[in-house]
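Chemist: Below is the structure I would like to discuss, written out as structure tokens.
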Amino acid sequence: MSVTADPLVLDFVEWVAREPRAHAEVVAVWKTSCPRLTIWEDAAEQGLVTRESVAGAGLCVVVTDAGKQLLRAHGRAG
53 MSVTADPLVL DFVEWVAREP RAHAEVVAVW KTSCPRLTIW EDAAEQGLVT
103 RESVAGAGLC VVVTDAGKQL LRAHGRAG
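Numbered by the working numbering, the letters in the sequence shown go through residues 53 to 130 in order.
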């Protein structure tokens, strides 16, 4: 994987890395009316985040190992 990333994707992955986020929260916070700004979908397609079921919390978005590696490569929390 390339260590270059869109700054907004990095911001998003860093935000999710702080704590697993409910899928509904991710959609509400990161939705956009611009079809060219698909930040969280791009992060998922790149394998930086994934959806998983968390007991007591439901469907959540969490950072993958690849996402953590990308954050470290860019000097961000991971």
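No residue lacks a Cβ here, since even glycine has one placed at the ideal position from N, Cα and C.
Just grab the DSSP bridge partners of Glu104 for me.
Modeler: Note: Glu104 sits in a beta bridge opposite Cys112.
Chemist: Going along the chain, which residues of its own chain have a beta-carbon closer than 8 Å to the beta-carbon of Lys83, five neighbours each way excluded?
Modeler: none
Chemist: What do you get for Ala26, buried or exposed, if any count of 16 or more other CB atoms within 10 angstroms of its CB means buried?
Modeler: Shown here, the chain extends from 53 to 130; a query on residue 26 therefore has no answer.
Chemist: Run the CB neighbour count on Leu100, radius 10 Å, all protein chains shown included, and call it buried at 16 or more, exposed below.
Modeler: buried
Chemist: Indicate the three-state DSSP secondary structure (helix, strand or coil) for Arg128 in the structure shown.
Modeler: In the structure shown, the three-state DSSP call for Arg128 is coil.
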